[in-house]
Every structure is written in C-alpha cells, then in structure tokens.
Ligand SMILES: [Zn+2]
C-alpha cells in the first residue's frame with residue numbers, strides 16, 4: 000500500500016513528500032565510495048512520487064566518475080535528502096534517514112548493492128528485476 004512520508008535536510012530548508020510502498024520497495028544499502036561515507040539508506044522513488052515542498056533552490060549538485068548520478072545536497076547544512084542515482088537517473092533515491100518517520104527498526108535495510116563493483120552489481124540487479132516480472 001502506498002504511504003506518504005515527509006522528510007527534509009537538517010536545517011529544514013529542503014522539505015519533500017514521497018509516496019512509497021515499503022513492502023514492495025525495500026530499503027537498501029550500498030558499499031560504493033560515496034554511499035559509505037554518507038551512510039545513506041536508499042529508498043528508490045519514482046519521479047512523479049516525490050514532491051519537493053520547499054528548498055529546491057537550496058540544493059547543490061555533486062558529480063564524479065561517470066557524472067550520471069546527480070548527488071544533491073543542501074548547500075546550507077550539507078545534508079543529502081535525495082538524489083538521482085546512476086542506476087536510475089530519471090528517478091530518485093531518497094535517503095531514508097532523512098524521513099521524519101525514520102526508525103532503525105522499521106526502516107532497516109533489506110537489500111545490498113555492491114556499488115564498489117557497479118557494472119556487475121547493476122547487471123545482477125537487472126536480472127533480479129527481470130525474474131520478478
Ligand atoms: Zn539544509
């Protein structure tokens with residue numbers, strides 16, 4: 000069932016609302032260089048299911064390597080509430096830790112993405128999705 004969650008950056012300038020089904024879309028963890036340092040918990044959200052309520056002008060973008068992923072962060076507090084991931088750059092990955100309702104027990108990661116070996120991990124994840132269809 001789709002549930003609405005709100006979240007934001009640390010200083011509160013950036014606020015957003017999403018609609019997700021946490022049973023259908025498990026929260027994931029990635030071991031790539033930036034996700035490890037951020038400590039981000041990934042929650043994939045379709046573009047049309049994320050609404051920026053405030054602070055879109057306060058977001059800055061960091062890119063590296065292939066430049067495909069657009070790592071958004073609040074230019075005031077440095078927090079990264081959501082971004083456009085390399086695996087799905089038209090959509091979002093929300094940082095579950097930035098949701099108001101975040102709880103370590105209810106939002107524990109249930110998927111692992113081996114982002115240190117991105118090409119192999121991406122191929123495997125595509126196979127998993129194909130198997131589910
Ligand atoms: Zn902020």
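Residue numbers (this note's numbering): 0 to 132. Yeah, the Cβ is synthetic: ideal placement off N, Cα and C, and Gly gets one too.
At the C-beta level, residue 26 and residue 106 come within 7 Å of one another. The segment 119-127 makes no contact with the segment 57-77: fewer than 3 CB pairs, one atom from each, lie closer than 8 Å. Around residue 117, the same chain offers 31, 85 as residues with beta carbons nearer than 8 Å, after the five sequence neighbours per side are excluded. A Cβ-Cβ distance of about 6 Å is found for the pair residue 15 and residue 52, placing them in contact under the 8 Å criterion. DSSP places residue 73 within a strand segment (E or B) once states are collapsed to three.
Residue side-chain check: residue 96 keeps its Cβ at 6 Å or more from all non-hydrogen atoms of ligand 1. Within the model, the alpha-carbon separation for residue 24 versus residue 3 is close to 14 Å. Judged by the Cβ position, residue 14 fails to qualify as a neighbour of ligand 1 at the 6 Å threshold, every heavy atom of the ligand being at least this far. Counting every other CB atom within 10 Å of its CB across the protein chains shown gives residue 79 a total of 16 or more, marking it as buried. Between residue 57 and residue 46 a beta carbon distance of about 20 Å is seen, past the 8 Å cut, so the two are scored as non-contacting. By the criterion of a C-beta distance shorter than 6 Å, residue 1 is surrounded in its chain by 18, 20, once the five residues flanking it on both sides are discounted. Within 6 Å of the C-beta of residue 79 there is not a single heavy atom belonging to ligand 1.
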